[in-house]
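Data first, discussion second: the structure below is written as structure tokens.
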Amino acid sequence: MRLHSIEITAFGPFAGTVAVDFDELGADGLFLLHGQTGAGKTSVLDAVAFALYGTVPGSRADGRRLLSDHAPAGAAPQVCLEATIAGRRLRIERSPEFERPKKRGVGTVKQQAKATLTWLDGTGENLSRIPEIGDVVKGLLGMSAEQFFQVVLLPQGEFAKFLRAASDERGKLLERLFDTTRFGDVEQWFRERRGSGAKALAEQQKAVDVLAAKVAAAAGIEAGADAEPVEWARRLLADAADVRDATAVVHAEARELDRSNRAALDSAIALQERIRRRGEALEMKTRLDAGEPERAAMAVERDAAHRAALVAVLDREAAGAAAESEVARSDLDSTAAVLEKSAEGRALLDEVPGQPDDSDRVLIRPRYEQWSSEVTKLDSLIDQQRRIAEITSRREVLAERRQTVAAELEGVVAERAALPDRVAEATAAVAESEKAAASLLGLRDARDRAADALAAARELRSRSAELEQLEKVSAQRHTDHNLAHEALLDIRARRIAGMAAELAARLVEGDPCEVCGAVEHPSPAQPEPDAATEDDEERAHTVERRAAKALTEARAAVGDATSTVAILRQRSGDTCEDDLAAAHADAVEAHDTAGSAAAQLDRRRRAVDDLHARDLALRSREREAETVLAAIARDDAVFASEADEIGRRIAAAVDGSESLSAKRERFAALVEAATAWLDARLRVAQVRSVAQKRAREAEIAATEGGFTDLVQARAALRPASRISEIDREIRDAENRRAIVAAVLAEPEIHALTGDEVVDVEATRAVVASGAAALESALAGATEAHRRHTDIATYADRLERAYEALVPLRDEQAELTALADVVAGGGANNRKMSLRSYVLAARLEEVAESASDRLRRMSGGRYEFVHSDAAGSHGRRGGLGLDIHDEYTGAVRSTKTLSGGESFQASLALALGLADVVAAEAGGVVIDTMFIDEGFGTLDADALDAVMGVLDELRAGGRVVGVVSHVDELRQRIPSRLHVLRGRTGSTVQMVS
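Sequential numbering from 817 applies to the sequence shown in the working numbering.
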């Protein structure tokens, strides 16, 4: 990597833009970066680091404040770096996150960080995303920001700490520079594998213990397994097999005895049942023989009842026919009484005298057919009479309709006469709305201008008071800053006057003087009573900076307020607020009035259209009303003619003595009575014939049924319940006799003599005793078989679990030993973890590279010695770093070196570490590097030696920048970049 140029704007102590041409500055390969304390020498290096990585080294990155306090308000901090990295020339521009003043009002707004990368060699796509730029820079350099800060910027103070640091602190720095992640992953892998293996081993051991406990529980013992659980389980399984076989033999014997006992019991119960059935059958046979005569008499009674039942049916039919004949005769007398009430009826009764006969139909039917015809004619006239009422009602409806339509026609005519005036009025309203709509835009602009002027006048009142207050504050800040500046100058003058005493206070007996280099101090200067210290000056400077900042902010606020007031005066036209308020109210009223009228334009237009449509609708309604009135007149004339015709027909049908309804009812009653009288006469004739026939049939049936007459047949009748009772009694007896015969005919019962005796209860007791013995034997055999099965199952699972446990145990022991060694424990005598071992190897490389330079800088006296011995009290080793003194041959701690020797050792260590880190990053060639401070501790010879080493660095083509304020270096290094500190910020000056 080679730096070509850099431009720094509003960054750190630089208020404006400063440019550094590294090609010109480093033409000799070595240049000096010097200036007063606080001028900004390190800020130049920070700008390089920020351009490449977007951050700055060390604790300065935590402040996150890179915007220069000296920069004018609104200035944006920016760094632009041109460099060649890995053969690619590029330009990087970065601007950090910062707070800028708001463009309006007071306060600040956050400005986000941004960056661009431009390829100057003409190839590649330019970038503007910060993460992508970071990835490209890191990929080209091959190192992180932390590594770059240590390799290229060489902060000497940091390496002095590294030189004297303990192993743990030294390890932390090395871990930041060298990527040991993969070795840490290996350590973590071993830790995780050991943990997971231990967990798996514990789980498997637990499974073995649980299975051993299950085997013991299945065997019914409390003691656990011995050292060989598999053999122990096998012994228990063999014992359980012996017990199972023995109990199986006992169970078979008990089962055979129980079978024999149950067979004897079944035989006794069967014999007892046969004896009982034989006795019951003999007893039933005796009872059946005794009741046989009674059942024979019941059979005779049943047969006579069956014959009488057939005769009774015909007898009941003859009695019914006679009763029906009497009823028919009574109905005939009733119908004749109805006819006797009228002259026409009595005439009919006289025409048909004597007993009813089938010929009555020929005499009676012509008369009631004549009366029916008369009823039909009268029904037609009654319907026509009802039509007259309907016509009258409809004519009344037509009269009401005529009146309504006439009134409606009158209203339509009146409304049409008033329409022309309403159309003219609506048309005028439309013209008014159109005029208002045309003027609305201008009225709205006038209203908005009046509102803006009124708002500006009201804000102007408050802003003017605010401006007056800010001017007072600015004047006070100006006074405060003058006082602070005068106090700073006074303190600085007093400190300069007492500088000799301040330097004398730092003298140590035996150490060289910072001014003359002498180691003897015979008469050091004493401070004056009013002498000022560096802390006093720094505090005064801080107060002065704060006052200057406050003055700048106050002046900026006054400027913003003045600009705001001028703008507000321009907007308000410098007019009185009351006048503006009145003008605004008038403008609002005019706009609202016009807006209201314009809003009604569409509605008013629709009203005009509605009026025209109304006129057309009224014309149509007028024509419709005239048509309806003509139709009403025509229908009323038709109805009047029809009513007159019906009245003439009714008058011709009645003679005036009775009404149509009364005459119609009289003839209808005659028709009904004549019909009923004819039906009754025919019914009497029919029923009388049937009754005579049924009586003859009943007498014949009684004689044929074996009875002398109907009286004897009626006496032989029995109820159905009695007949069912007789049938049931006879059938039951026959069934019982058949059952008795079947039982006595069975071979087992027929073989009995009646002397047999059996004791079932004694046999049942023997069976119960055998069953209890069988149940006990079965329980014992079942338990023995279950125990053997459980032991066999758990023993098999225990054997498989134990086989899986043994390799896990061996593997875990080996893994634990390896993990302990990798972590720096166990058999690792050096107490070095794998990561520490890798860092120790890197540190050894650093020590070898640094020793070459340290020997040259110390005249061959010193070299580094890397120690991998373990620390005291069990601390991890491998990162020890001591000094070998060639003069004494002793190896001693780096803490015993003097100030100048410590600087030489630190510089050599920094250069060595830079070489190793560069090699670790893939052999990246670092053409530009910086060494920061520390040269003030060297004497002339030591400085010559160090300069010789730096000459070797630039002899290889590198450009080395030395950051120091030592005056002698200005004589030794002709190319210089001088950083000048000023009240308004720092600037740079190149000297070559």
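A virtual CB, placed ideally from N, CA and C, is assigned to each residue, including glycine.
- Rounded to whole angstroms, D1757 and L1793 show a C-alpha spacing of 25 Å.
- Secondary-structure assignment with DSSP links C896 through a beta bridge to E823 and E909.
- In this structure the region 1215-1235 does not touch the region 1487-1506; the number of beta carbon pairs closer than 8 Å is below three.
- For E1679, the uninterrupted beta strand (DSSP E) segment begins and ends at Y1678 to S1683.
- Sorting L1235, E1481, A1617 and A1079 by C-alpha distance to the C-alpha of K1193 places E1481 at the top.
- The residues L846, F847, L848 and V1778, in chain order, have a CB closer than 7 Å to that of I1789 in the same chain once the five nearest residues on each side in sequence are set aside.
- Taking the Cα of S1791 as reference, the smallest distance to any Cα among V1807, G1801, G1314 and T1803 is reached at V1807.
- Secondary structure at L933: strand, using DSSP grouped into helix, strand and coil.
- Under DSSP, A835 forms a beta bridge with E823.
- Ranked by Cα distance from A1558, the options P829, K1101 and P1236 are led by K1101.
- In this structure A1070 is buried. Its beta-carbon is surrounded by 16 or more other beta-carbon atoms within 10 angstroms.
- CA-to-CA, the gap between E1488 and E1140 works out to about 23 Å.
- Rounded to whole angstroms, the gap between the alpha carbons of E1599 and E1619 is 30 Å.
- In this structure, the straight-line span from the alpha carbon of K1030 to that of A1014 is close to 24 Å.
- Only buried fits Q1628, as 16 or more other CB atoms lie within 10 angstroms of its CB.
- Using a Cβ distance threshold of 8 Å, L1256 and A1414 count as a contacting pair.
- Rounded to whole angstroms, L841 and V922 show a C-alpha spacing of 44 Å.
- In terms of CA proximity to V1444, E1224 leads the group V1424, E1224 and R1279.
- For L1568, DSSP assigns no beta-bridge partner whatsoever.
- For V1732, the CB contacts under 7 Å within the same chain, skipping 5 residues up- and downstream, are R1658, E1661, V1662 and S1665 in chain order.
- Taking a contact as a CB-CB distance under 8 Å, the pair L1283 and A1377 counts as one, their CB atoms being some 4 Å apart.
- G1777: member of the beta strand (DSSP E) spanning V1775 to V1779, first to last residue.
- Inter-residue distance for A929 and P1343 is about 49 Å (C-alpha atoms, whole angstroms).
- Separation of A1597 and A1584 (C-alpha to C-alpha, rounded to the nearest whole angstrom) is 20 Å.
- A contact between stretches requires three or more CB pairs, one per stretch, nearer than 8 Å, and the region 1187-1204 fails this requirement with the region 1416-1429.
- Distance check between L1723 and each of F1680, E898 and A961 places F1680 closest, using alpha-carbon atoms only.
- If you compare the alpha carbons of A1484, E1099 and A1049 with that of E1160, the shortest gap goes to A1484.
- When the beta-carbon positions are compared, A1549 and R1111 come within less than 8 Å of each other.
- By the criterion of a C-beta distance shorter than 7 Å, I1085 is surrounded in its chain by V1576, once the five residues flanking it on both sides are discounted.
- Taken atom to atom, the span from the alpha-carbon of A1222 to that of S1209 is near 20 Å.
- The region 1244-1262 makes contact with the region 1400-1415: 3 or more CB pairs, one atom from each, lie closer than 8 Å.
- In this structure the region 885-899 lies against the region 909-916, because at least three pairs of beta carbons, one per stretch, are closer than 8 Å.
- A straight line joining the alpha-carbon of S1802 with that of G856 spans about 7 Å.
- In this model, A1233 and A1447 are separated by some 26 Å (Cα to Cα).
- Within 10 angstroms of the beta-carbon of M1315 lie fewer than 16 other beta-carbons, which makes it exposed.
- Annotation: L1729 to V1765 spans about 15 Å, alpha carbon to alpha carbon.
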